[in-house]
Amino acid sequence: MSLQQLPPPPEYTPPKASGSYMIDCVNQYTYVWLKNGERFWFYPIRVESFGTSGFRWTGSFWMYDGIDARFIDTVTCPPIPTLY
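Sequence positions in the sequence shown follow this note's numbering and run 290 to 373.
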């Protein structure tokens, strides 16, 4: 999925998970909590041992970003409800 095709993330904040891994969330909407208290929606496209890269939601648009693994507190990639 290209950046131009990526719709905005869900409008809710999921509950904070314990024991989630970024590798399980590749190419999915992922909510990230950093150790400094910052939190945001992220769309990871690559995970390495030292961190991850992908697109971070600014509140208005997606921006390419990388996150050092040492700064991540926890992540969750909840199932996104769909209308069927």
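The C-beta atom is built at its ideal place from N, Cα and C for all residues, glycine as well. Remember, it's a predicted structure, so these values are computed and weren't measured experimentally.
From valine 364 to glutamate 300, what distance separates their C-alpha atoms? For the purposes of this step, residue 364 is taken as the residue at position 75 of the sequence shown. For the purposes of this step, residue 300 is taken as the residue at position 11 of the sequence shown. The alpha-carbon atoms of valine 364 and glutamate 300 are separated by roughly 17 Å.
Measuring alpha carbon to alpha carbon, tell me which of Arg335, Gln294, Pro296, Leu323 ends up nearest alanine 306. Start at 1 with the first residue of the sequence shown, and residue 306 comes out as number 17. Nearest of Arg335, Gln294, Pro296, Leu323 to alanine 306, Cα basis: Leu323.
Ordered list of beta strand (DSSP E) runs contained in the segment 306-370, each at least 3 residues: For the segment 306-370, whole beta strand (DSSP E) runs of length 3 or above, ordered along the chain, are 319-323, 328-337, 340-346, 351-357, 361-365.
Spatial neighbours of aspartate 357 within its chain, please: CB distance less than 6 Å, with the 5 preceding and 5 following residues excluded, ordered by chain position. Position 68 of the sequence shown holds residue 357. Contacts found: Gly340.
Let me make sure I understand the geometry here. Which of Gly326, Phe331, Asn325 has the alpha-carbon closest to that of isoleucine 312? As a working mapping, residue 312 is identified with position 23 in the sequence shown. Ranking the options by Cα distance to isoleucine 312, first place goes to Phe331.
Any idea if tyrosine 310 is buried or exposed, counting beta-carbon neighbours within 10 angstroms, 16 or more meaning buried? Residue mapping note: residue 310 aligns to position 21 of the sequence shown, counting from 1. Counting other Cβ atoms within 10 Å of its Cβ, tyrosine 310 stays below 16 and is therefore classed as exposed.
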